[in-house]
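**Q** The sequence shown runs contiguously to residue 754 in UniProt numbering.
A virtual CB, placed ideally from N, CA and C, is assigned to each residue, including glycine.
Being a predicted model, the structure only gives us computed values, none of them experimental.
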Amino acid sequence: DFGRSSELAFVVEPSDDIAVQEQPLILYCQVEGIQPITITWRKNGVMIVDSENAFMLANGSLYVSRFQRVRGDGSSDEGEYDCMAQNHYGLVVSRKAKIQAATMSDFHIHPQNAVVEEGGVARFQCQIHGLPEPVILWHKNSMPVNTDNERYTLLPKGVLQITGLRAEDSGIFHCVATNIANVKFSREARLTVSGSHSTVYKDPMILVGPENLTLTVHQTAVLECIATGNPRPIVSWSRLDGRPIGVEGIQVLGTGNLMISDLTVQHSGIYVCAANKPGTRVRRTAQGSLVVQAPAEFVQHPQSISRPVGTTAIFTCVAQGEPPPQITWLRNGQILETSDHIKLKNNNSTLSIYGINQADEAIYQCLAENSAGSTQASARLTVLWADGLPSPPQGVRAETVSATTIQVSWEKPLQNTKEIIGYVLHIRKAADPVEMEYQEAVSKSTFQQLVTDLEPSTSYSFYIKAYTSRGASKASEVTVVSTLGEVPAMPSLFIKVINSTTVQATWEPSIKLGQHEGFKLYYRKVHLSQYTGPVLLASNITAYNITHLDASVVYEVKLLAYNQHGDGNSTVRFVSLRETVERTVLNPPCDCMKDEQNNKTSTTGIIIGIHIGVTCIIFCILFLMFGYRGRLLMCKNVEEQLSTPQIPRSQRSATGLVLNGATRRDRDDRDLNGKQLDMNELERLFPASPSQEQQEKGITSAHSLSAPHDETQISTLPLDEFSIIEEQPDPLPENPLGSSPAALAPNHGPANEG
Numbered sequence: 001d002f003g004r005s006s007e008l009a010f011v012v013e014p015s016d017d018i019a020v021q022e023q024p025l026i027l028y029c030q031v032e033g034i035q036p037i038t039i040t041w042r043k044n045g046v047m048i049v050d051s052e053n054a055f056m057l058a059n060g061s062l063y064v065s066r067f068q069r070v071r072g073d074g075s076s077d078e079g080e081y082d083c084m085a086q087n088h089y090g091l092v093v094s095r096k097a098k099i100q101a102a103t104m105s106d107f108h109i110h111p112q113n114a115v116v117e118e119g120g121v122a123r124f125q126c127q128i129h130g131l132p133e134p135v136i137l138w139h140k141n142s143m144p145v146n147t148d149n150e151r152y153t154l155l156p157k158g159v160l161q162i163t164g165l166r167a168e169d170s171g172i173f174h175c176v177a178t179n180i181a182n183v184k185f186s187r188e189a190r191l192t193v194s195g196s197h198s199t200v201y202k203d204p205m206i207l208v209g210p211e212n213l214t215l216t217v218h219q220t221a222v223l224e225c226i227a228t229g230n231p232r233p234i235v236s237w238s239r240l241d242g243r244p245i246g247v248e249g250i251q252v253l254g255t256g257n258l259m260i261s262d263l264t265v266q267h268s269g270i271y272v273c274a275a276n277k278p279g280t281r282v283r284r285t286a287q288g289s290l291v292v293q294a295p296a297e298f299v300q301h302p303q304s305i306s307r308p309v310g311t312t313a314i315f316t317c318v319a320q321g322e323p324p325p326q327i328t329w330l331r332n333g334q335i336l337e338t339s340d341h342i343k344l345k346n347n348n349s350t351l352s353i354y355g356i357n358q359a360d361e362a363i364y365q366c367l368a369e370n371s372a373g374s375t376q377a378s379a380r381l382t383v384l385w386a387d388g389l390p391s392p393p394q395g396v397r398a399e400t401v402s403a404t405t406i407q408v409s410w411e412k413p414l415q416n417t418k419e420i421i422g423y424v425l426h427i428r429k430a431a432d433p434v435e436m437e438y439q440e441a442v443s444k445s446t447f448q449q450l451v452t453d454l455e456p457s458t459s460y461s462f463y464i465k466a467y468t469s470r471g472a473s474k475a476s477e478v479t480v481v482s483t484l485g486e487v488p489a490m491p492s493l494f495i496k497v498i499n500s501t502t503v504q505a506t507w508e509p510s511i512k513l514g515q516h517e518g519f520k521l522y523y524r525k526v527h528l529s530q531y532t533g534p535v536l537l538a539s540n541i542t543a544y545n546i547t548h549l550d551a552s553v554v555y556e557v558k559l560l561a562y563n564q565h566g567d568g569n570s571t572v573r574f575v576s577l578r579e580t581v582e583r584t585v586l587n588p589p590c591d592c593m594k595d596e597q598n599n600k601t602s603t604t605g606i607i608i609g610i611h612i613g614v615t616c617i618i619f620c621i622l623f624l625m626f627g628y629r630g631r632l633l634m635c636k637n638v639e640e641q642l643s644t645p646q647i648p649r650s651q652r653s654a655t656g657l658v659l660n661g662a663t664r665r666d667r668d669d670r671d672l673n674g675k676q677l678d679m680n681e682l683e684r685l686f687p688a689s690p691s692q693e694q695q696e697k698g699i700t701s702a703h704s705l706s707a708p709h710d711e712t713q714i715s716t717l718p719l720d721e722f723s724i725i726e727e728q729p730d731p732l733p734e735n736p737l738g739s740s741p742a743a744l745a746p747n748h749g750p751a752n753e754g
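#1: Using 10 angstroms around the beta-carbon of HIS703, count the other beta-carbons present and answer buried if the total reaches 16, otherwise exposed.
#2: From PRO687 to CYS616, what does the alpha carbon distance come to, in whole angstroms?
#3: Could you please give me the residues that DSSP links to THR103 through a beta bridge?
#4: CA-CA distance, SER268 and GLU455?
#5: Per the contact definition of three or more C-beta pairs closer than 8 Å, is the segment 93 to 108 in contact with the segment 14 to 26?
#6: Any idea if HIS88 is buried or exposed, counting beta-carbon neighbours within 10 angstroms, 16 or more meaning buried?
#7: Closer than 7 Å by C-beta to THR153: which residues in its own chain qualify, once you throw out the five before and the five after it? Chain order, please.
#8: Roughly how far, in whole angstroms, is the beta-carbon of HIS110 from the beta-carbon of SER186, given that I think they are within contact range, below 8 Å?
#9: In whole angstroms, what separates the C-alpha of PRO144 from that of LEU137?
#10: Counting pairs of Cβ atoms below 8 Å between the segment 77 to 94 and the segment 113 to 127, do you hit three or more?
#11: Can you have a look at SER142 and say buried or exposed, based on whether 16 or more other CB atoms are within 10 angstroms of its CB?
#12: Taking the beta strand (DSSP E) that LYS465 belongs to, which residues open and close that run?
#13: Exposed or buried, TRP41, counting other C-beta atoms within 10 Å across all chains shown (16 or more means buried)?
#14: Suppose you measure from the CA of LEU389 to the CA of LYS465; what does that come to, to the nearest Å?
#15: Are ARG66 and GLU22 touching if we call contact CB-CB under 7 Å?
#16: Could you check how far apart the C-beta atoms of GLU411 and PRO433 are, in whole angstroms? I think they sit under 8 Å.
#17: Whose C-beta lies closer than 6 Å to the C-beta of SER689 among residues of the same chain, with five residues either side of it excluded?
#18: Is it the case that the Cβ atoms of ALA472 and TYR463 are separated by a distance below 7 Å?
#19: At what residues does the beta strand (DSSP E) containing THR452 begin and finish?
#20: Can you tell me the Cα-Cα spacing of ASN660 and VAL553, whole angstroms?
#21: Just the Cα atoms here: how many angstroms apart are SER198 and GLY246?
#22: Hey, how far is the Cα of SER261 from the Cα of VAL217?
#23: Tell me which same chain residues have a C-beta within less than 7 Å of the C-beta of GLN449, skipping the five on either side of it?
#24: Grab me the residues of THR350's own chain with a C-beta within less than 6 Å of its C-beta, minus the 5 sequence neighbours each way, in chain order.
#25: Measure the alpha-carbon distance for THR404 versus ASP387 and round it to whole angstroms.
#26: Assign ALA97 to one of two classes, buried (16 or more other C-beta atoms within 10 Å of its C-beta) or exposed (fewer than that).
#27: Is the Cβ-Cβ distance between GLN251 and MET259 less than 7 Å?
#28: Going by DSSP in three states, ILE420 sits in which element: helix, strand or coil?
#29: Figure out for me which residue from ILE48, LEU537, GLY90, LEU577 has the closest Cα to the Cα of GLU32.
#30: Mind checking whether PRO204 and ARG151 have CB atoms under 7 Å apart?
#31: Just how far apart, CA to CA, sit GLN530 and ASP550?
#32: Which residue comes first and which comes last in the beta strand (DSSP E) that contains GLY254?
#33: Within its chain, find whatever has a CB closer than 8 Å to the CB of PRO324; leave out the 5 residues flanking it on each side and keep chain order.
#34: Take every Cβ of the segment 352 to 368, pair it with every Cβ of the segment 298 to 315, and state whether three or more of those distances are shorter than 8 Å.
#35: Pull up the DSSP beta-bridge partners for residue 755, would you.
#36: Whole angstroms is fine: what's the gap from VAL49's alpha carbon to ARG69's?
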């Protein structure tokens with residue numbers, strides 16, 4: 001960086017101007033920097049050659065002797081001028097200065113006659129175009145209007161307002177327009193003040209509201225608003241967006257005109273004029289927009305930099321204005337063309353030059369321009385080059401190893417190799433911009449590098465630089481090679497059973513599988529060796545229904561992705577439809593219309609069902625309770641009737657026992673012989689007690705014969721619910737044929753309960 005004093009820069013640049021016909025014009029241009037400096041001028045991009053009419057002064061300014069809007073040959077001195085300065089470091093171009101001829105047209109709006117009642121409002125207007133903007137003054141009866149009168153308001157755009165009219169205000173009015181080009185007079189108009197001040201009520205009314213204005217910062221805006229009514233309305237101003245108008249630079253002209261001095265961009269907005277009837281909410285409104293433009297100016301200037309060969313140079317240029325300026329870059333005064341190693345980013349605010357070499361050494365300029373004006377800033381790029389640096393590495397070769405790996409090899413430079421401390425391999429996709437490049441460092445004794453983690457079927461470019469402690473060599477030749485293609489990855493397969501004969505295979509989106517052309521789907525019964533398929537599916541398909549399947553067997557489904565390099569690994573899933581069939585049998589499809597109708601009475605059905613269930617439970621409990629008590633009583637009666645003496649087990653078969661009452665036929669035959677039961681059956685129904693004494697006893701249970709029953713009921717009660725203790729009754733007479741039913745009549749004496 002040589003410091004600002006050595007930089008080639010403008011001290012004074014040409015500015016916009018309005019020239020007078022047949023008058024001389026001077027455009028100033030002053031430059032500083034390392035001499036020698038050459039200054040030249042251009043008009044509309046064309047070099048100006050010194051002539052009798054236009055030539056350059058010794059200080060670098062341009063002198064036009066007789067400015068003419070249109071010359072005899074049809075040319076014009078109007079246009080955009082800039083000056084260029086050049087030294088051995090580069091060339092810079094000044095901002096463009098817009099030069100226009102001073103003119104004035106005829107009046108296109110003249111004042112009109114008016115008849116207004118006393119106390120009213122009169123307004124006259126005249127308009128004329130010119131460069132520069134004409135100054136308009138008003139005359140009454142051929143004399144300048146007295147501006148000291150508070151009832152007379154002169155607005156910049158050629159408007160005269162007279163409020164609170166009186167009889168002496170009557171007269172003849174006209175306006176006078178003046179600029180450096182000419183002076184012109186408008187037509188005359190008569191004002192007649194009639195009658196006396198009226199006391200009749202009149203609603204407020206806005207005669208003229210604000211017009212839309214587009215101005216530049218630091219100018220003055222006048223928003224007109226004139227209202228009438230009886231009583232006289234009160235005029236107020238506000239912004240449509242609700243923001244306060246403020247007080248600094250704000251002034252009210254006359255009875256309601258708003259003037260804003262020293263405009264800023266923040267003054268832009270829509271302004272609302274309101275005419276209010278005093279003491280009421282009756283109002284009338286009118287609105288107009290104000291747009292304030294700001295010429296481009298720099299927030300951040302580009303800075304001159306020095307960089308070694310092969311590195312990256314970055315210039316930043318940030319400008320603001322209203323409307324937002326456009327940024328253009330120049331290189332030594334010429335429009336900068338982007339390329340693989342010259343890139344513009346961030347709306348042209350950032351200039352990046354990659355892998356710089358000596359040819360990139362120049363002066364770079366940033367031009368910011370909008371409709372309100374333009375500005376420029378420059379910076380110099382110095383490319384550092386040290387003597388004795390290595391020459392570029394030789395014989396760079398790249399060989400494809402796999403779909404993701406390339407091996408790059410090279411030979412050492414031919415010159416100045418003693419100071420080499422290492423090599424840097426520069427890598428990028430051939431289709432990517434230069435800024436996407438990345439590097440890998442390699443030791444000075446290594447002449448090959450295995451580059452991994454690359455993308456399949458992709459072209460890559462490689463070049464090498466040799467580095468020393470004083471800088472890098474120039475880049476080697478660039479070599480481009482492509483990686484091998486690879487088959488797609490395994491898709492993630494999911495199987496969903498749709499019904500008893502159909503399943504749906506789904507898989508993830510294709511973006512996760514790498515480069516592929518589509519899918520192949522296979523399926524088979526597991527006990528068979530041959531697959532059905534392949535079913536070829538496009539790469540954008542992610543689901544497929546397999547139909548007409550047999551629900552009684554298990555199926556194997558296989559899916560793989562493929563491309564021009566072959567088939568990828570497959571994903572296998574097994575599926576059975578048997579459970580679906582069983583669920584269908586157990587749970588047949590519902591009749592939805594019928595269910596919908598049944599749902600209307602489901603609540604009532606549930607309540608009735610609950611009542612029926614509770615009633616059944618209660619009856620069952622009562623039945624069990626009474627039945628249990630009846631069996632206990634029967635057991636007591638049986639216990640009292642067991643009065644026969646103990647007999648050996650061998651003789652017990654001759655003893656007839658009646659279980660739980662006898663049938664009618666038994667009662668008819670009880671006088672002849674008793675019914676004999678197998679003791680094994682009794683032991684099965686009433687297991688013997690573990691004690692030896694109880695094992696010796698016979699247990700007989702009989703139902704009372706006094707009740708005439710026609711049915712025989714046999715019940716079994718577990719012994720843990722009751723026990724029978726046998727008493728020793730008086731001996732009964734032996735009956736070798738067995739006890740008759742009469743002998744087993746119930747004994748209603750007391751019995752011991754266990």
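**A** In terms of the structure at hand:
#1: The residue given as residue 703 occupies position 703 in the sequence shown. Any answer about HIS703 is weak, because its pLDDT of 37 lies below 50 and its placement is not dependable; what the coordinates show is given next. With 16 or more Cβ atoms within 10 Å of its Cβ, HIS703 is classed as buried.
#2: To locate residue 687, count along the sequence shown from 1; it is residue 687. To locate residue 616, count along the sequence shown from 1; it is residue 616. Here the model assigns PRO687 a pLDDT of 49, short of 50, so the residue's position is not dependable, and the following value carries that caveat. PRO687 and CYS616: Cα-Cα distance of roughly 33 Å.
#3: By one-based count along the sequence shown, residue 103 stands at place 103. In the DSSP output, where bridge partners are listed per residue, THR103 has LEU131.
#4: Reading the sequence shown from its first residue, position 268 is the one you call residue 268. Reading the sequence shown from its first residue, position 455 is the one you call residue 455. C-alpha separation (whole angstroms): 54 Å.
#5: With a cut-off of 8 Å, the segment 93 to 108 and the segment 14 to 26 count as touching, because enough Cβ pairs lie within range.
#6: The count along the sequence shown starts at 1 and reaches residue 88 at position 88. Exposed, since its Cβ has fewer than 16 Cβ neighbours within 10 Å.
#7: By 1-based counting over the sequence shown, the position of residue 153 is 153. Closer than 7 Å at Cβ, skipping near neighbours: GLN161, LEU253, GLY254, ASN257.
#8: On the sequence shown, residue 110 is found 110 positions in, with the first residue counted as 1. On the sequence shown, residue 186 is found 186 positions in, with the first residue counted as 1. About 5 Å; that satisfies the 8 Å criterion.
#9: Indexing the sequence shown from 1 puts residue 144 at position 144. Indexing the sequence shown from 1 puts residue 137 at position 137. Across the structure, PRO144 and LEU137 are spaced so that their CA atoms are roughly 7 Å apart.
#10: Below 8 Å, too few C-beta pairs join the segment 77 to 94 and the segment 113 to 127 to call them touching: fewer than three.
#11: The sequence position of residue 142 within the sequence shown is 142, counting from 1. With fewer than 16 other Cβ atoms within 10 Å, it is exposed.
#12: On the sequence shown, residue 465 is found 465 positions in, with the first residue counted as 1. 459 to 468 is the extent of the beta strand (DSSP E) around LYS465.
#13: Counting from one through the sequence shown, the residue named residue 41 turns up at place 41. Under a 10 Å Cβ-count criterion, TRP41 is classified as buried, with 16 or more other Cβ atoms of the shown protein chains found around its own Cβ.
#14: Taking the sequence shown and counting its residues from 1, one reaches residue 389 at position 389. Taking the sequence shown and counting its residues from 1, one reaches residue 465 at position 465. Taking the Cα positions, LEU389 is about 11 Å away from LYS465.
#15: On the sequence shown, residue 66 is found 66 positions in, with the first residue counted as 1. On the sequence shown, residue 22 is found 22 positions in, with the first residue counted as 1. Yes; because the gap between Cβ atoms is below 7 Å, this pair is in contact.
#16: Numbered from 1 along the sequence shown, position 411 holds the residue referred to as residue 411. Numbered from 1 along the sequence shown, position 433 holds the residue referred to as residue 433. Between PRO433 and GLU411 the Cβ distance is about 29 Å, and since that is not below 8 Å, they are no contact.
#17: What you label residue 689 is simply residue 689 of the sequence shown in a count that begins at 1. Any reading at SER689 must be qualified, since the residue scores a pLDDT of 44, below 50, and its modelled position is unreliable; the value itself is stated next. Once the five neighbours on either side are set aside, SER689 has no close Cβ partner at all.
#18: On the sequence shown, residue 472 is found 472 positions in, with the first residue counted as 1. On the sequence shown, residue 463 is found 463 positions in, with the first residue counted as 1. Against a cut-off of 7 Å, the Cβ pair of TYR463 and ALA472 comes out as no contact.
#19: Position 452 of the sequence shown, counted from the start, is the residue given in the question as residue 452. Per DSSP, THR452 belongs to no beta strand (DSSP E) and is neither H nor E.
#20: By one-based count along the sequence shown, residue 660 stands at place 660. By one-based count along the sequence shown, residue 553 stands at place 553. Its pLDDT being 38, under 50, ASN660 is placed unreliably in this model, and the coordinates cannot settle the point.
#21: Translated into the one-based positions of the sequence shown, residue 198 becomes position 198. Translated into the one-based positions of the sequence shown, residue 246 becomes position 246. SER198 and GLY246: Cα-Cα distance of roughly 37 Å.
#22: By 1-based counting over the sequence shown, the position of residue 261 is 261. By 1-based counting over the sequence shown, the position of residue 217 is 217. Roughly 10 Å between the two C-alpha positions.
#23: As a working mapping, residue 449 is identified with position 449 in the sequence shown. If you ignore the 5 residues before and after GLN449, its C-beta comes within less than 7 Å of the C-beta of VAL408, LEU425, GLU440, VAL442, all in its own chain and listed in chain order.
#24: In the sequence shown, counting from the first residue as 1, residue 350 sits at position 350. Excluding sequence neighbours, THR350 sits near THR316.
#25: Translated into positions along the sequence shown, residue 404 becomes position 404. Translated into positions along the sequence shown, residue 387 becomes position 387. One Cα belongs to THR404, the other to ASP387, and the distance between them is close to 40 Å.
#26: Indexing the sequence shown from 1 puts residue 97 at position 97. Buried: at least 16 other Cβ atoms inside 10 Å.
#27: Sequence index remark: in the sequence shown, residue 251 carries index 251 (1-based). Sequence index remark: in the sequence shown, residue 259 carries index 259 (1-based). Going by C-beta atoms, GLN251 is nearer than 7 Å to MET259.
#28: Here residue 420 refers to the residue found at position 420 when the sequence shown is read from its first residue. In the structure shown, ILE420 sits in coil (DSSP, three-state: anything other than H, G, I, E or B).
#29: On the sequence shown, residue 32 is found 32 positions in, with the first residue counted as 1. The candidate whose alpha carbon is nearest that of GLU32 is GLY90.
#30: To locate residue 204, count along the sequence shown from 1; it is residue 204. To locate residue 151, count along the sequence shown from 1; it is residue 151. Their beta carbons are not under 7 Å apart, which means PRO204 does not touch ARG151 by this criterion.
#31: Taking the first residue of the sequence shown as position 1, residue 530 is located at position 530. Taking the first residue of the sequence shown as position 1, residue 550 is located at position 550. Cα to Cα, GLN530 sits roughly 16 Å from ASP550.
#32: The sequence position of residue 254 within the sequence shown is 254, counting from 1. Under the DSSP assignment, GLY254 falls outside any beta strand (DSSP E); it carries neither an H nor an E label.
#33: Against the sequence shown, residue 324 aligns to sequence position 324. Excluding positions up to five away in sequence, the list reads ASN370.
#34: Yes: the two stretches touch, three or more of their Cβ pairs being nearer than 8 Å.
#35: The requested residue 755 does not occur in the structure, where the chain is confined to residues 1 to 754.
#36: The residue labelled residue 49 in the question sits at position 49 within the sequence shown. The residue labelled residue 69 in the question sits at position 69 within the sequence shown. When only Cα atoms are considered, VAL49 and ARG69 end up about 19 Å apart.
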